[in-house]
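Below is one structure, written out as structure tokens, with a few remarks after it.
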Amino acid sequence: MERKILQFKEKILKLFVKLRDNKKLKYNRVMPLNEYFNDRWEKASYLKWGEGSNCYDNVYIFGNVEVGENTFVGPFCILEGSGGLKIGKFCSISAGVQIYTHNSVQWSSSGGKESKVYAPVVIEDNCYIGPNAVISMGVKISKGAVVGACSFVNKDVPPYTKVAGCPAKIIGGIMNQNNSNPAGGGGHLVAFLLHSKPLLKKWHRRVA
159 MERKILQFKE KILKLFVKLR DNKKLKYNRV MPLNEYFNDR WEKASYLKWG
209 EGSNCYDNVY IFGNVEVGEN TFVGPFCILE GSGGLKIGKF CSISAGVQIY
259 THNSVQWSSS GGKESKVYAP VVIEDNCYIG PNAVISMGVK ISKGAVVGAC
309 SFVNKDVPPY TKVAGCPAKI IGGIMNQNNS NPAGGGGHLV AFLLHSKPLL
359 KKWHRRVA
């Protein structure tokens with residue numbers, strides 16, 4: 159029996175080495191064992207995400223999660239969609255991002271007497287979410303926005319703005335010089351200025 163186990167282990171090891179070498183040759187990357195048996199595009203297809211989207215095997219997905227076309231979800235993410243989660247097309251969800259659509263603070267502090275609270279999260283097209291960012295329930299991240307690494311987003315993010323920090327705050331605008339790009343164009347700077355008008359007024363009062 160022990161001999162059969164050792165033989166089986168050797169076969170698995172040989173298979174692992176072969177898969178690892180093939181992945182290194184094809185994509186120039188070395189990953190955990192489970193990723194060698196996973197097709198990121200097949201997983202996205204199984205989840206009925208948009209065409210061209212892909213998702214690492216070690217991503218945790220709960221509840222109702224809708225994803226558009228050509229969106230990337232990096233390793234070690236948590237997509238918690240019990241309250242409804244929609245992610246648009248051409249989005250990049252970097253490694254370690256956590257998105258939550260509920261909280262259990264009141265439930266815990268009341269000893270289970272209060273209910274858990276749910277609210278949907280929406281991430282529109284062409285958004286970039288940096289590594290290890292946390293997005294709280296009820297948040298809308300508008301088209302073309304960028305969220306900095308390790309940020310905590312607990313408020314809506316205007317279109318074509320850059321936010322960062324804990325909690326996340328607007329630190330700049332996004333402008334792509336290639337006007338033919340769906341995520342580019344000078345009009346996006348105008349959108350940033352319009353949505354940031356209260357912020358700019360507050361800043362002006364501080365420096366005046």
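Using our numbering, the final residue of the sequence shown is 366, and nothing's skipped along the way. All C-beta atoms in this analysis are idealised placements derived from N, C-alpha and C, irrespective of residue type, glycine included.
Distances from the alpha-carbon of Trp199 to those of Asn192, Asn212, Met159 put Asn212 closest.
Note: Glu224 is bridge-paired with Lys244 in the DSSP secondary-structure output. Taking a C-beta distance under 7 Å as the contact criterion, Lys320 and Val297 do not qualify as a contact pair. Per the Cβ contact rule, the stretch 260-274 is not in contact with the stretch 223-235 (fewer than 3 Cβ pairs under 8 Å). Your pair Gly221 and Glu193 does not check out as a contact, with CB atoms roughly 24 Å apart and the cut at 8 Å. DSSP places Ala202 within a helical segment (H, G or I) once states are collapsed to three.
For Lys320, there is no enclosing alpha helix (DSSP H); the enclosing beta strand (DSSP E) has its first and last residue at 319-322. Under the three-state reduction of DSSP output, Ile170 falls in the helix class.
Exposed is the label assigned to Met159, since fewer than 16 other Cβ atoms lie within 10 Å of its Cβ. Burial of Ser309 is indicated by the presence of at least 16 other C-beta atoms within 10 angstroms of its C-beta. If you ignore the 5 residues before and after Ala322, its C-beta comes within less than 6 Å of the C-beta of Gly306, Ser309, Ile329, all in its own chain and listed in chain order.
Boundaries of the beta strand (DSSP E) harbouring Val280: 279-281, taken from the DSSP string. With a 10 Å radius around the Cβ and a threshold of 16 neighbouring Cβ atoms, Phe248 comes out buried. For the options Lys271, Gly254, Gly246, the alpha carbon positioned closest to that of Glu209 is the one of Gly246. For Ser267, the enclosing alpha helix (DSSP H) begins and ends at 263-267. Sequence-distant partners of Ser252 (beyond 5 residues in either direction) whose C-beta falls short of 7 Å from its own C-beta, in its chain, are Gly232, Ile287, Gly288, Pro289. Counting only the Cα atoms, Phe195 lies some 37 Å from Ala326.
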